[in-house]
Structures are given as structure tokens and as C-alpha cells.
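From first to last, the protein sequence lines stand for chains C and Y. Its first residue numbered 1, the first sequence is counted upward by one per residue in this note's numbering. Its first residue numbered 169, the second sequence is counted upward by one per residue in this note's numbering.
Number of protein chains: 2
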Amino acid sequence: MSATTKVIKEVTAANDKYAASFTKGSLPMPPGRKFTVVTCMDARLDPAKALGLEEGDAHVIRNAGGRAKDALRSIIISQQLLGTQEILVIHHTDCGMLTFKDSELRQIVKDRFNGNEEHTEFLSFTNVEQSVRDDIKFIRDSKVVKPEIPISGWVYEVETGKIRSVSV
Amino acid sequence: MSATTKVIKEVTAANDKYAASFTKGSLPMPPGRKFTVVTCMDARLDPAKALGLEEGDAHVIRNAGGRAKDALRSIIISQQLLGTQEILVIHHTDCGMLTFKDSELRQIVKDRFNGNEEHTEFLSFTNVEQSVRDDIKFIRDSKVVKPEIPISGWVYEVETGKIRSVSV
Numbered sequence: 001m002s003a004t005t006k007v008i009k010e011v012t013a014a015n016d017k018y019a020a021s022f023t024k025g026s027l028p029m030p031p032g033r034k035f036t037v038v039t040c041m042d043a044r045l046d047p048a049k050a051l052g053l054e055e056g057d058a059h060v061i062r063n064a065g066g067r068a069k070d071a072l073r074s075i076i077i078s079q080q081l082l083g084t085q086e087i088l089v090i091h092h093t094d095c096g097m098l099t100f101k102d103s104e105l106r107q108i109v110k111d112r113f114n115g116n117e118e119h120t121e122f123l124s125f126t127n128v129e130q131s132v133r134d135d136i137k138f139i140r141d142s143k144v145v146k147p148e149i150p151i152s153g154w155v156y157e158v159e160t161g162k163i164r165s166v167s168v
Numbered sequence: 169m170s171a172t173t174k175v176i177k178e179v180t181a182a183n184d185k186y187a188a189s190f191t192k193g194s195l196p197m198p199p200g201r202k203f204t205v206v207t208c209m210d211a212r213l214d215p216a217k218a219l220g221l222e223e224g225d226a227h228v229i230r231n232a233g234g235r236a237k238d239a240l241r242s243i244i245i246s247q248q249l250l251g252t253q254e255i256l257v258i259h260h261t262d263c264g265m266l267t268f269k270d271s272e273l274r275q276i277v278k279d280r281f282n283g284n285e286e287h288t289e290f291l292s293f294t295n296v297e298q299s300v301r302d303d304i305k306f307i308r309d310s311k312v313v314k315p316e317i318p319i320s321g322w323v324y325e326v327e328t329g330k331i332r333s334v335s336v
């Protein structure tokens, strides 16, 4: 047992409530709506609420920026083993990835951890529409997603809760 | 504009509803509750509902299995740039990662994509408690997370909606 923190107390209390009225205990493993969302870890995004996902509907892959590079392993598993057939790449306005350069974060990690700078590619970007296009291209260029799989690009607006389409 | 699919029609309709009653347009970028969840992309998991997260509360990193290796870049950004100070690693029962061996999926990818087998490490596992322990160790061993940061391990039960603690 880990030491109990304030966060753990709050999270387990919330989970007790969730489990008390839980009715989704027999859903199948493959996503019912057969699609995968690739999006950012940002705290302001709730992909299930914002996109209308119920438990069992879709795979949701999240990382800093919603970058495809960190998502490719998961996309292969999602499609080749669990039958998903469509991808939505959703980046968002006011993303943390717009606020730094990789070289700056490398220096911060180097300074704070005495040179333990394991990860050197932080995948920051300067334009959120372009990062969506870049990531769709990355997935296409990987050649491990069938050409007929639709991949659409979106920007979620943290200011309005809306998603808008990115032309590819 | 991408071709409109059934999924896109449904997702945009759901998003219209979400945006129509959206009231969270001025949340700050750093997570208010200062923690990060690392969990699986599985469709049956809704981390926000299951853990009581509101928009703005916490970073949520998701990938196939909830593996730390794909999450480390994001964890560094979460902690060094956006001030989070605690990590919950949550894997789950009946995970797809328990159903195959890396070598099998490598062969599938090789067969289906004419040898375009870019990603060779799929991070499958055979025991969900052990995979949680392995991932906590991976994060600790990375030496890019301060030793005083609490990292707790959990298994989410897709059958009950409950999370249970994994002793480390």
C-alpha cells in the first residue's frame, strides 16, 4: 500500500460513489463504436463529455500535445487487435506545447536532474493546426494504418468547448 | 475538410450539445489539483467519471496498457512545466495487453503491412499488478521525477468500476 495522500483520499472517495451505481460491468473489450481518439493530456479536456463517449465506445489515447509519435504503438494495437477503423486527432487551443521550445525543456531537465536528460524529443509545436496536420501525416507515413482508414483532424477550443475541423 | 463519416456526424452533434452549456472557458492551463493519471486507452474506462475529475483538475495520459514508457515525455512536461506533483498509475482487469505476445503482434503487422513493422516493442504484459509495479519502477528509474513525488499504483476493475490499490 502506498502512503495515502490527499489526492488518493479524494480519488478513492469519488471512485466509491462511481462504483456504487456502476452498471457497465459486462461490456466487451473491443470499442463498440470502433474508433480511436488521439488527444492531449490537458486537464481542461474531458474527451468523453466533449465528444459524447459512453463507457465502451472508443479508445482514447492521450499525451502531452496529443502527438501521434507517442500514440503509434497504441493505434496499432487498437486497429490490429481490437478492430477500430477510424481515427480523430484532436489538439487544442492554449496548449502547453505552444509555450516552450524542446531545447529549453532539455536545459530545465538537465539543470534540475543533474544531467539525467533521458528524453530529448519533447515534440513541442508552434501552430496547433499545423501540428494536427503533421500528426495525420505521421500516421499515414507510418504505413501501419490501412490507407482506407479515415483520419480527421480537429482543434478543441478550451475557451468555448467546441471542436473545429482542420483541413488537411 | 475531411470526408464526413458517421462517427464525425455523431461526435460533432454531441460536441454541439456540450459546447451549448459550456461554462469552463477560463480555466488556467496548470491542473488545479496538481496530479497526473497514467492509464489505459481502453474504451470501458472513463477516468474523469471513475475518479471524480472535473475539467481543469488533472492531466490524464492514456495509451495501450497505460504503460509508463510512452508516458515519460508527458510526465516530464506535466511536472517540470505545469506543476503537477503526484502520479497515479492505473492499469485494469481484462486488459487487451494480457491477450497477446509482442512477437505475435509483430508477425501480424509484418503480414498485413508487407513488413512495415515500425514499432517492435508493444509492451504487452502477463500480470496486471506486476505491470503496475514495473511501470512505477520505470518512472522512478528514469531519474527525471523527484524522489519525493508520490507515485501510487492501482488496478481498475472493469467488472465493478472500482479501483484497488497495488502494493509496491
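Built from N, CA and C at the ideal position, the CB exists for glycine as well.
> Using a C-beta cutoff of 7 Å, does I90/C count as contacting chain Y?
Replying inline: As a position in the first sequence, residue 90/C is number 90, starting the count at 1. It does not; no Cβ of chain Y falls within 7 Å.
>> Quick check on the DSSP output: what are the complete beta strand (DSSP E) runs of length 3 or more inside the segment 251-332 of chain Y, in order along the chain?
In response: 255-260 and 319-324
> If the cut is a Cβ gap below 7 Å, which residues of chain Y does S103/C touch?
Replying inline: For the purposes of this step, residue 103/C is taken as residue 103 along the first sequence, with counting starting at 1. Chain Y residues near S103/C: none, gap ~14 Å exceeds 7 Å.
> Does the Cβ-Cβ distance between F293/Y and D270/Y come in under 7 Å?
Replying inline: Start at 1 with the first residue of the second sequence, and residue 293/Y comes out as number 125. Start at 1 with the first residue of the second sequence, and residue 270/Y comes out as number 102. No.
> Looking at C-alpha atoms only, which residue of R308/Y, I229/Y and C208/Y is the closest neighbour of T261/Y?
Replying inline: In the second sequence, counting from the first residue as 1, residue 261/Y sits at position 93. When only C-alpha atoms are compared, the closest one is C208/Y.
>> Quick test of your reading: K162/C and N282/Y, contact by CB under 8 Å. State the CB separation rounded to the nearest angstrom.
In response: Here the question's residue 162/C lines up with position 162 in the first sequence. Here the question's residue 282/Y lines up with position 114 in the second sequence. With 8 Å as the limit, K162/C and N282/Y do not qualify as a contact, their Cβ atoms being about 40 Å apart.
> Taking the alpha-carbon positions, what's the T99/C to I258/Y distance?
Replying inline: The residue you call residue 99/C lines up with position 99 of the first sequence. The residue you call residue 258/Y lines up with position 90 of the second sequence. Those two C-alpha atoms are separated by around 29 Å.
>> So, under 8 Å CB-CB, G65/C and M197/Y are touching, yes? Tell me the CB distance rounded to an integer number of Å.
In response: Residue numbering aside, residue 65/C sits at position 65 when the first sequence is read from its first letter. Residue numbering aside, residue 197/Y sits at position 29 when the second sequence is read from its first letter. 13 Å between Cβ atoms; not a contact.
>> Quick check: the Cα distance between V206/Y and Q248/Y, rounded to an integer number of angstroms?
In response: Sequence index remark: in the second sequence, residue 206/Y carries index 38 (1-based). Sequence index remark: in the second sequence, residue 248/Y carries index 80 (1-based). Distance between the alpha carbons of V206/Y and Q248/Y: 16 Å.
> Taking 6 Å as the line, does the beta carbon of G233/Y fall inside it for any heavy atom of the ligand NAD?
Replying inline: Among the components of this structure there are no ligands whatsoever, and the ligand NAD is therefore not found.
> CB-CB under 7 Å to R235/Y, same chain, minus the five flanking residues each way: which ones, in chain order?
Replying inline: As a first step, residue 235/Y must be located in the second sequence, where it is residue number 67. Contacts found: L291 and D303.
>> Rounded to whole angstroms, what is the Cα-Cα separation between K110/C and R241/Y?
In response: Residue numbering aside, residue 110/C sits at position 110 when the first sequence is read from its first letter. Residue numbering aside, residue 241/Y sits at position 73 when the second sequence is read from its first letter. Whole-angstrom Cα-Cα distance: 14 Å.
> Whose C-alpha, out of I176/Y, S246/Y and A218/Y, is nearest the C-alpha of E339/Y?
Replying inline: No statement about residue 339/Y is possible, as the shown extent of chain Y runs from 169 to 336 and does not include it.
> Rounded to the nearest angstrom, how far is the Cβ of G56/C from that of P31/C, given a contact under 8 Å?
Replying inline: Position 56 of the first sequence, counted from the start, is the residue given in the question as residue 56/C. Position 31 of the first sequence, counted from the start, is the residue given in the question as residue 31/C. That pair is a contact at about 7 Å.
> Looking at the structure shown, is T4/C part of a helix, part of a strand, or coil, going by DSSP?
Replying inline: Translated into positions along the first sequence, residue 4/C becomes position 4. T4/C falls in the coil class under three-state DSSP.
> Can you tell me whether A13/C is buried or exposed, with buried defined as 16 or more other CB within 10 angstroms of its CB?
Replying inline: Position 13 of the first sequence, counting from 1, holds the residue named residue 13/C. Counting Cβ neighbours within 10 Å, A13/C comes out exposed, since fewer than 16 surround it.
>> Does E193/C pass the burial test, meaning 16 or more other C-beta atoms within 10 Å, or should it be called exposed?
In response: With chain C running from 1 to 168 in the structure shown, residue 193/C is simply not present.
>> Quick check: the Cα distance between K174/Y and R308/Y, rounded to an integer number of angstroms?
In response: The residue given as residue 174/Y occupies position 6 in the second sequence. The residue given as residue 308/Y occupies position 140 in the second sequence. Each residue's Cα considered, the two are about 43 Å apart.
>> Give me the chain Y residues within the contact set of Q80/C, using Cβ-Cβ distance strictly less than 8 Å, ordered along the chain.
In response: Residue numbering aside, residue 80/C sits at position 80 when the first sequence is read from its first letter. Chain Y residues near Q80/C: L273, I276, V277 and R280.
> Can you tell me whether A20/C is buried or exposed, with buried defined as 16 or more other CB within 10 angstroms of its CB?
Replying inline: Working through the first sequence from its first residue, we reach residue 20/C at position 20. The C-beta of A20/C has fewer than 16 other C-beta atoms within 10 Å across all chains shown, which makes the residue exposed.
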